[in-house]
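Residue numbers (this note's numbering): 230 to 355.
Note that the Cβ used here is the ideal one computed from N, Cα and C, for glycine as well.
Here the structure comes first, spelled out in structure tokens, and everything after it is commentary.
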Amino acid sequence: MFVICQWFSRRCLFSIAVLAAVAGWTGCSSKPRPPADPAKQAERLAFVQKMVDLGAVHAFEPDLTVPRLYVKEPFYRLTIDQKQKLVSIAFAYCHDAGGATLMTVHDYQTGKEIGNVADWHAFEMK
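Here's what the structure looks like:
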């Protein structure tokens, strides 16, 4: 019985250590976020607005709990690198403005989610 309890307590301690390490690795901390650079944020917002003007983006909702980017037909004709750049800039704006860790990308006609980007992965289309 003592051996089982000893093994179980070691296993629990190991699990706690792993969870603590993962929490530190994913960026969980109590450190306050530095304030967003207003010039950089204005630059990012101007880029997204340019994409709206060019017809690739229909709407950008950065103030939601999970921000959304609605895209139109021209978005699909962009190269993967261009899509990545657009979505990354929009996500960086949301992340720095409100601490968003996830942003979804939707087709504006259907409203369906076509992809997402997060702290832990680059833009992925479904």
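Between the segment 333-344 and the segment 279-299 there are three or more C-beta pairs closer than 8 Å, enough to call the two in contact.
Counted as a single uninterrupted DSSP element, the alpha helix (DSSP H) harbouring Ala321 occupies residues Ile309 to Gly327. With contacts defined as CB atoms closer than 9 Å, Phe304 and Val346 fail to qualify as a contacting pair. A straight-line Cα-Cα distance of about 32 Å links Asp266 and Lys341.
Each residue's CA atom was taken as its position, placing Pro263 and Lys279 some 27 Å apart.
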